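Structure, as structure tokens:
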Amino acid sequence: MKYIFISLLVWLISINSYSKGLDLDISGDYTLVTYSGVPNEGDSSRSIIIEHAFTLRPSWLILDHWSLHSRLDFLSSQAQTEDGTINLRKNWKSGIAKVNDTFLSQLYLKYNYKYHGGHVGIKPLSFGLGITHNDDLTVPVANQVVDNSHPSLAYWFKLGSIKVETWHIYFKKNKLADKDTSYKAASSFKILYGGEDWALNYLYYKDLKFSAHNVFANKKTPWANTALELVFSSPLQGEDYTRSAALLTVDWNFNLAKNILQINNSFLYASGDVNSTNNIDESYSFSANKFSRDLFLRYSGNGKITNTMATSMKVSTSFLQNFVGSVSLLYAKAIQAEGKKDMGFELSTSVNYSFNERFSWFNQVNLVLPGNAAKAVWPKNSLGFYSVIAINF
0 MKYIFISLLV WLISINSYSK GLDLDISGDY TLVTYSGVPN EGDSSRSIII EHAFTLRPSW
60 LILDHWSLHS RLDFLSSQAQ TEDGTINLRK NWKSGIAKVN DTFLSQLYLK YNYKYHGGHV
120 GIKPLSFGLG ITHNDDLTVP VANQVVDNSH PSLAYWFKLG SIKVETWHIY FKKNKLADKD
180 TSYKAASSFK ILYGGEDWAL NYLYYKDLKF SAHNVFANKK TPWANTALEL VFSSPLQGED
240 YTRSAALLTV DWNFNLAKNI LQINNSFLYA SGDVNSTNNI DESYSFSANK FSRDLFLRYS
300 GNGKITNTMA TSMKVSTSFL QNFVGSVSLL YAKAIQAEGK KDMGFELSTS VNYSFNERFS
360 WFNQVNLVLP GNAAKAVWPK NSLGFYSVIA INF
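Residue numbers for the sequence shown follow numbering that gives the first Met the number 0, beginning at 0 and rising by one.
This is the structure:
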């Protein structure tokens with residue numbers, strides 16, 4: 000299947016290279032991330048991890064209402080392991096096509112008219128706050144609830160304030176078996192209803208493993224932006240239980256002394272496994288996304304979140320000319336646990352410098368105060384850092 004899309008890309012480029020009407024637009028970014036790794040149990044030392052990525056996003060306007068979009072990841076991520084060696088992780092990006100060290104993570108033909116449209120190709124399915132479906136390709140496939148690196152066919156149409164989307168996704172039943180070419184299908188149905196400052200959306204998803212119902216609500220006012228996503232899902236093997244998850248985030252905006260003061264309140268819930276239920280896994284996992292990473296920078300990194308309830312408050316303000324500073328406090332606890340449920344607190348402070356819209360430098364220091372339920376991973380208070388340099392063009 001991937002060779003079909005690569006051949007389609009080469010064919011369209013060759014056809015349009017003779018046309019003066021070809022409208023080519025190329026954007027991209029380079030990101031360098033440095034952060035402290037999790038210390039070993041009983042050892043206060045920690046590794047310094049470095050990850051980087053160089054991405055190009057070419058797009059072509061082929062005809063009126065027809066365009067071709069792609070995403071290429073040229074550099075692999077490098078990480079220093081505990082023994083000091085460099086581990087080259089070529090699958091840091093979730094691409095399905097590989098040409099040496101180049102990964103083709105997106106390639107789709109798009110049709111977009113006023114009241115209807117669609118696409119065919121490799122395009123991430125995103126919804127709401129990204130609990131189960133998000134287009135954050137910096138997250139490894141292993142840390143996603145639903146893998147977005149598969150080809151899909153979609154069609155949408157609009158009726159007033161209502162937009163309806165249908166997706167048909169193709170994926171291998173066993174991705175670890177390279178010779179398995181029998182593609183299976185997943186289906187998704189999305190209803191988007193709303194206006195410029197509010198939204199009420201619904202998504203139904205079903206594949207070989209589970210089916211899920213997602214509900215997303217969003218309301219914007221001059222002083223606050225509130226967003227809520229709820230998910231209920233069940234496996235397809237017949238077990239009688241429902242997985243559930245919720246993510247609520249509220250951004251409060253204030254203008255004090257010509258400096259914008261922003262306060263963010265977030266609440267996260269992911270159902271946990273009931274210990275009294277034998278041989279049934281009732282846990283729910285969040286896909287790693289920008290919301291969960293902001294909420295759990297030190298506790299889970301880019302990993303999945305389950306059996307957890309957490310709340311946080313973050314205060315941000317701008318100062319000087321190009322700086323934004325913030326302070327945040329997180330508290331988390333386990334939902335289903337025998338005796339120990341307190342996971343502790345996480346206090347962080349950060350400064351973001353933006354020279355212009357193309358260059359930014361983010362630095363954050365984190366202090367983890369582990370509770371009784373987190374002592375196995377964090378035996379004592381721990382201080383860490385997180386730094387990101389991003390260049391866009």
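The beta carbon of each residue, even a glycine, is placed where N, CA and C say it ideally should be.
On a predicted model such as this, the values are computed, not experimentally measured, just so you know.
To which residues of the same chain is residue i closer than 6 angstroms at the C-beta, ignoring the five residues directly before and after it?
| i | result |
| --- | --- |
| F126 | H132, L202 and N213 |
| H118 | Y107, K109 and A153 |
| N380 | L368 |
| S16 | Low confidence applies here, because S16 scores a pLDDT of 48, under 50, leaving its location unreliable and the question unanswered by this model. |
| L366 | L346 and L382 |
| T54 | G27, D28 and D72 |
| K189 | E164 and L202 |
| T33 | I49 and S386 |
| K339 | N371 and A372 |
| N217 | A198 and A226 |
| N264 | V249 and M312 |
| N99 | Summary for N99: the model assigns pLDDT 42, below 50, so the residue's position carries little reliability; its value from the coordinates is reported in the next sentence. Taken in chain order, the list of residues that qualify is empty. |
| D22 | L60 |
| E228 | G127, L128, I130, F215 and L246 |
| N200 | L191 and F215 |
| V314 | I262 and V326 |
| T348 | V326 and V364 |
State the beta-bridge partners of residue i as determined by DSSP.
| i | result |
| --- | --- |
| E228 | F215 and L246 |
| I262 | W251 and V314 |
| L128 | None; L128 has no bridge partner. |
| W155 | G116 and E164 |
| N365 | S347 and G383 |
| L23 | W59 |
| P150 | I121 |
| E50 | V32 |
| H68 | S58 and Y107 |
| K339 | DSSP, once it has assigned bridges, lists no residue as partnering K339. |
| F322 | F318 and Y352 |
| G193 | A198 |
| N391 | D28 |
| L267 | L246 and A309 |
| K205 | S186 and S210 |
| A372 | According to DSSP, which records beta bridges pairwise, A372 is partnered with nothing at all. |
| F170 | K183 |
Can you find the residues in the same chain that come closer than 7 angstroms, C-beta to C-beta, to residue i, ignoring five residues on each side of it along the sequence?
| i | result |
| --- | --- |
| G409 | Past the edges of the chain, shown from 0 to 392, lies residue 409, and the structure says nothing about it. |
| V350 | F322, G324 and N362 |
| A389 | D28, T30 and S359 |
| H64 | Y110, N111 and Y112 |
| S299 | Note on S299: pLDDT 47, under 50, position unreliable in the model; no value is reported. |
| H68 | S58, Q105, Y107 and K109 |
| D24 | S58 |
| D341 | K332, G370, N371 and A372 |
| K122 | Q105, Y107 and S151 |
State yes or no: is the C-beta of residue i within less than 8 angstroms of the C-beta of residue j?
| i | j | result |
| --- | --- | --- |
| S26 | R70 | no |
| I47 | S66 | no |
| L191 | K162 | yes |
| I334 | S243 | no |
| F384 | V364 | yes |
| K205 | A185 | yes |
| A309 | L267 | yes |
| G194 | S160 | yes |
| S327 | S353 | no |
| W166 | S148 | no |
| T307 | A331 | yes |
Take residue i and list the residues in its own chain whose beta-carbon comes closer than 8 angstroms to its own, dropping the five residues that flank it on each side.
| i | result |
| --- | --- |
| P221 | N252 |
| K19 | Only weak support is given to the placement of K19: the predicted model assigns it a pLDDT of 43, under 50, and the value that follows is read from those uncertain coordinates. Nothing meets the Cβ criterion. |
| L175 | In this prediction, L175 scores a pLDDT of 41, lower than 50, which makes its location untrustworthy; the coordinate-derived value is nonetheless stated afterwards. For L175, where only same-chain residues beyond five positions count, there are no Cβ hits under 8 angstroms. |
| H115 | Y154, W155, F156 and K157 |
| N224 | N217, K218, V249, D250 and N252 |
Is there a Cβ of chain D sitting closer than 8 angstroms to that of residue i, yes or no?
| i | result |
| --- | --- |
| Y204 | The structure shown contains no chain D; it is built from a single protein chain. |
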